[in-house]
Every structure is written in structure tokens, then in C-alpha cells.
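Under the working numbering, read the sequence shown as residues 78 to 161, first letter to last.
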Amino acid sequence: MDHQDLEQNYTFLTMPMVAASNTLLGNPVSADYDADSDTVFIAERANGGGRVLAFEDTSAGGNLFPRVSIELSGASSVYFNSQD
78 MDHQDLEQNY TFLTMPMVAA SNTLLGNPVS ADYDADSDTV FIAERANGGG RVLAFEDTSA
138 GGNLFPRVSI ELSGASSVYF NSQD
């Protein structure tokens, strides 16, 4: 692994991670981000047959509770559209 590879991997490894039991994440299949509200939207397929989750203020990472949890059977993608 050369210096450039290390820099790219380091950036990835220092990103915050949201994980563990409070998150309701099992098999996240799609994600989108709203920079204005610092919210990550996730389509979760395995937990409860599917759901859409939203997490706010994820910069610290950790075992966060979702701000939004909507059951959606077979959820496979998510797209956030900001309408100003």
C-alpha cells in the first residue's frame, strides 16, 4: 500500500459510524444525506421487513436512536429531495 492509498483509507476510517442496537440497522441498502439539516436517510431492508430511518447530528457517530423510523415493506432505496 503506497502513501496515496493510506491517505484515502485514513479518510474512510476516520468517518463517524452509526451502529449497534439502538439504530435499528440490520441491512442498510441505500442512504442519502441532507446537508442543510445534517440528516442521513437510510433504507433498511432486514429489520422488520423494511423501513426508512433518519438520523440527525451523526457527526459523533455511535449507537444513536433514529429520529424517524417508518415501516416500509421491502425498502430498497431512498432519495432525499429538498424543495425550497
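We put the CB at the ideal spot given by N, CA and C, even for glycine. Everything numeric in this text was worked out from a predicted model, so none of it was measured.
Item                                                                                                        : Value
CB contact flag (Phe122, Ala97, <7 Å)                                                                       : In the sequence as displayed, the identity of residue 122 is Arg instead of Phe. In this structure, Ala97 does not lie closer than 7 Å to Arg122 by Cβ.
Proximity to Asn104 [Cα-Cα], best of Leu141, Asn124, Ser114 and Met94                                       : Asn124
Leu149 and Gly127 closer than 7 Å at C-beta                                                                 : yes
Residues sharing a beta bridge with Tyr110, DSSP                                                            : Val117
Best match in Ala112, Val106, Thr116 and Tyr110 for proximity to Arg144 [C-alpha to C-alpha]                : Thr116
Ranges of the beta strand (DSSP E) found wholly within the region 126-156, counting only runs of at least 3 : 128-133 and 145-148
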